[in-house]
Every structure is written in C-alpha cells, then in structure tokens.
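Student: In this note's numbering, the protein residues as written are 523 to 597. Even for Gly, the Cβ is constructed at its ideal location relative to N, Cα and C. Quick caveat: nothing in here was measured; it's all calculated off a predicted structure. Sharing a structure, written as structure tokens. Questions coming.
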C-alpha cells in the first residue's frame with residue numbers, strides 16, 4: 523500500500539504523458555460530439571416553439587401549406 527501511495531505522489535514522466543494524452547482525447551471527443559448533440563436537440567419543432575412568444579407563429583405555421591403533416595395528407 524505504501525508503494526502505491528508513493529507512486530501516486532511522484533508519478534513517472536511516462537504516466538504523466540499518458541495521462542495528458544488521455545485527457546486530450548477525452549476533451550477532443552467532447553468537442554466533436556457535444557456540438558452535434560446540441561444542434562440535434564435544439565433543431566426540433568418542439569424546442570423551437572417551447573418559448574411562449576413562438577406559440578402564435580407556430581399556430582400560423584400549422585395552418586400553412588409548408589407544414590409537413592398537411593403536405594403528407596395532401597399527397
């Protein structure tokens with residue numbers, strides 16, 4: 523147990539480099555994945571009309587020809 527504690531208190535240069543590379547990989551993956559998740563979540567109609575000021579616009583959009591469900595029914 524004492525050897526482990528001493529190793530943790532004074533890590534070797536090899537472990538320091540490996541730790542930095544691992545941290546860099548995790549941060550890199552997060553910087554690639556998180557924007558895609560954010561865009562996917564915020565580009566839904568439900569998210570867009572969740573703001574109370576968008577409700578009148580959404581009601582008008584539902585009556586328009588551009589509303590996808592209306593287009594599906596028309597064909």
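With distances taken from CA atoms, which of 583, 555, 536, 542 is nearest residue 567?
Tutor: In the chain shown, counting from the first residue as 1, residue 567 sits at position 45. Answer by Cα proximity: 583.
Student: Please work out which residues of its chain come closer than 8 Å, Cβ to Cβ, to residue 597, disregarding the five sequence neighbours upstream and downstream, and give them in chain order.
Tutor: Walking along the chain shown from the start, residue 597 turns up at place 75. Unreliable positioning characterises residue 597 in this predicted model, as indicated by a pLDDT of 42, which lies under 50. The coordinate reading is nonetheless provided below. Hits under 8 Å: none found.
Student: Which complete alpha helix (DSSP H) runs does the segment 560 to 597 hold, if anything under 4 residues is left out?
Tutor: 567 to 570, 577 to 585, 590 to 596
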